[in-house]
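J.:
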Amino acid sequence: MDPQSVLVFEPGVDGHHVGWLRFITEDLLAAGFSLTLAVDTRTEAKERIAGQMADLLTRVKVISAIPAAGDRTRVTSTARVAACLKESGAAIAFLANFNDLASHTLRRAALGRMPEAALRGRLGGIYFRPLFLDAGVLSLNQTLKKIGFRRLLAGGWLNPLLMIDPRLCDLAQKKYPGAPIHLLADPYPDNFAADRAGSRRQFNLPDDRFVFLFYGGGYKRKGLHLVVEAMHQMADPDRVFLLCAGLQPQNEKLARDLETLRSQGRAEIVNRYISAQEERQVFAACDMVLLPYLRHLDGSGVLSRAAGAGKPALASDEYLIGHIVRHYGMGLLFKSGNVPELRQAMVRAATAPGTELARWQAGAQAYAKNCSRDAFRSVLTAAVRSALAARK
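If you use my numbering, the sequence shown closes out at 1249, no skipped numbers anywhere.
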């Protein structure tokens, strides 16, 4: 076993998964660790990974996170992680998305059923949603998770564990002093800038409109349908323009409504997977970023990218995203799911004086300092180095 080797386990390729896998791989390699990536090696997924990480894949060992039988239910299990750890010969297993197996693993631990012995002290990763840490009235499910989490920490199973939500991380650190729990930045890519005028030309955007960006898949929980409805209800429809960038799910009604906006010259839809360079351009091209999420309890890589591009945000007043936008003064909030409030906020943003826009932009830049790649890199590498040292 190489004492400086790490298995990075990430079977997902949707949403933020490949981008975060690149960040983790890039930074751990730069810190001198040897890596094995356990990923989805099937053709479509492999092509998506290569599209963002081709320059890094030659520097790592790649194995399949998917069992030979292809049973997806077995992928998100400690048994599969243990099998990949054994195959890799790595010292620790680092899950890019600890949530993949957290709920099941914590509930089992609460009942005394611990992970495979080989994972003791060697299992860690990024835990996005430890919501049980801050639950008011605990359900049976949350109670089991809390008990299991305590038992896993007390037994020395988890190392390291990184959390994105500063409030939840603070609660965990206070409740479990000395546990290997760290606060990790929700990062945006390095050099996240592009020419605004050139980017607008690239995506055929008008120079004289206030452009809102909706970035990513228009799943119902992301609230794109609310934006489309708000735009259809605007009394002055020529004031704002929508740039919708990202591969969209198949939703016939949403597709028709978006096409109507496009035919009216009020929207541009880039319905495909967005490359890293195009990502910089869509953020540079817009005036404000939309995050109309519904019941979204996490942070957001879209919000981090807005900050990295110096762009204000218009977001649902929910949980962590709402807290960040309010705390940094980086834009406007509306009551989640309320289309009239969203419409009013969009009109307010599009008609805001330059001084107000500048204030929102300054807020975005202030938040950007806390979610830079440097901030992410320093915490990640220090946590992994500490976990490896504990194995000696």
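Glycine included, each C-beta is placed from N, C-alpha and C at the ideal position. Since the model is a prediction, treat every value here as computed from it, not as a measurement.
Below 8 Å on the Cβ atoms is my contact criterion, and I expect Ala1036 with Arg1248 to pass it. Report the Cβ-Cβ distance as a whole number of Å.
T.: Counting from one through the sequence shown, the residue named residue 1036 turns up at place 179. Counting from one through the sequence shown, the residue named residue 1248 turns up at place 391. Not confirmed; about 17 Å, so no contact.
J.: Based on the DSSP output, what are the partners of His1089 in its beta bridges?
T.: As a position in the sequence shown, residue 1089 is number 232, starting the count at 1. In DSSP, His1089 forms no bridge with anything.
J.: For the candidate residues Asp957, Phe989 and Leu942, whose alpha-carbon lies nearest to that of Glu973?
T.: Residue mapping note: residue 973 aligns to position 116 of the sequence shown, counting from 1. Checking every option, the nearest Cα to that of Glu973 belongs to Leu942.
J.: Output the distance between the C-alpha atoms of Lys1110 and Pro860, rounded to the nearest integer angstrom.
T.: Residue numbering aside, residue 1110 sits at position 253 when the sequence shown is read from its first letter. Residue numbering aside, residue 860 sits at position 3 when the sequence shown is read from its first letter. If you take the alpha carbons of Lys1110 and Pro860, they lie about 54 Å apart.
J.: How should Gly969 be labelled, buried or exposed, when 16 other C-beta atoms within 10 angstroms of its C-beta is the threshold for buried?
T.: Walking along the sequence shown from the start, residue 969 turns up at place 112. By the 10 Å Cβ count, Gly969 comes out exposed.
J.: Since Lys918 sits in a beta bridge, which residues does DSSP pair it with?
T.: Numbered from its first residue, the sequence shown carries residue 918 at position 61. According to DSSP, Lys918 bridges with Thr893.
J.: Reducing DSSP to helix, strand and coil, say where Leu1160 ends up.
T.: Reading the sequence shown from its first residue, position 303 is the one you call residue 1160. It is helical.
J.: So, with DSSP's three-state summary, where would you put Ala947?
T.: Numbered from 1 along the sequence shown, position 90 holds the residue referred to as residue 947. Coil.
J.: Here's the rule I'm using: 16 or more other beta-carbon atoms within 10 Å means buried, otherwise exposed. How should Tyr984 be labelled?
T.: Along the sequence shown, read from residue 1 onward, the residue named residue 984 stands at position 127. Classification for Tyr984: buried.
J.: How about Leu1148 and Ala1124: do their beta carbons lie closer than 8 Å?
T.: Translated into the one-based positions of the sequence shown, residue 1148 becomes position 291. Translated into the one-based positions of the sequence shown, residue 1124 becomes position 267. In this structure, Ala1124 does not lie closer than 8 Å to Leu1148 by Cβ.
J.: Check Val1097 in the structure and name its three-state DSSP category.
T.: In the sequence shown, the residue the question calls residue 1097 occupies position 240. Val1097 falls in the strand class under three-state DSSP.
J.: So the beta strand (DSSP E) Leu1189 belongs to, where does it begin and stop?
T.: By 1-based counting over the sequence shown, the position of residue 1189 is 332. Residues Gly1188 to Phe1191.
J.: By a C-beta neighbour count over all protein chains shown, 10 Å radius and 16 as the cutoff for buried, is His961 buried or exposed?
T.: Stepping through the sequence shown from its first residue, residue 961 is reached at position 104. The residue is exposed, with fewer than 16 neighbouring Cβ atoms inside 10 Å.
J.: Mapping the DSSP letters down to three states, classify Pro1106 as helix, strand or coil.
T.: Taking the first residue of the sequence shown as 1, we reach residue 1106 at position 249. Three-state DSSP puts Pro1106 in coil, outside helix and strand.
J.: Provide the residue span of the beta strand (DSSP E) that contains Leu995, from first to last.
T.: Residue numbering aside, residue 995 sits at position 138 when the sequence shown is read from its first letter. Premise fails: Leu995 is in no beta strand (DSSP E) and is neither H nor E.
J.: Determine the burial state of Arg937: buried for a count of at least 16 other Cβ atoms within 10 Å of its Cβ, exposed for fewer.
T.: Residue 937 sits at position 80 when you count from the first residue of the sequence shown. Result: buried.
J.: Looking at the structure shown, is Ile1181 part of a helix, part of a strand, or coil, going by DSSP?
T.: Taking the sequence shown and counting its residues from 1, one reaches residue 1181 at position 324. Helix.
J.: Could you check whether Asp1155 and Arg986 sit closer than 8 Å to each other, using their CB atoms as the reference points?
T.: Position 129 of the sequence shown, counted from the start, is the residue given in the question as residue 986. Position 298 of the sequence shown, counted from the start, is the residue given in the question as residue 1155. Result yes, Cβ atoms of Arg986 and Asp1155 sit closer than 8 Å.
J.: If we ignore side chains and look at the alpha-carbon of each, how far apart do Gln1138 and Lys1079 end up?
T.: Here the question's residue 1138 lines up with position 281 in the sequence shown. Here the question's residue 1079 lines up with position 222 in the sequence shown. For Gln1138 and Lys1079, the distance between alpha carbons rounds to 21 Å.
J.: Would you say Met1302 and Val1196 are within 8 Å of each other, going by their C-beta atoms?
T.: Look at the range of the chain in this structure, 858 to 1249, and you will see that residue 1302 is not part of it.
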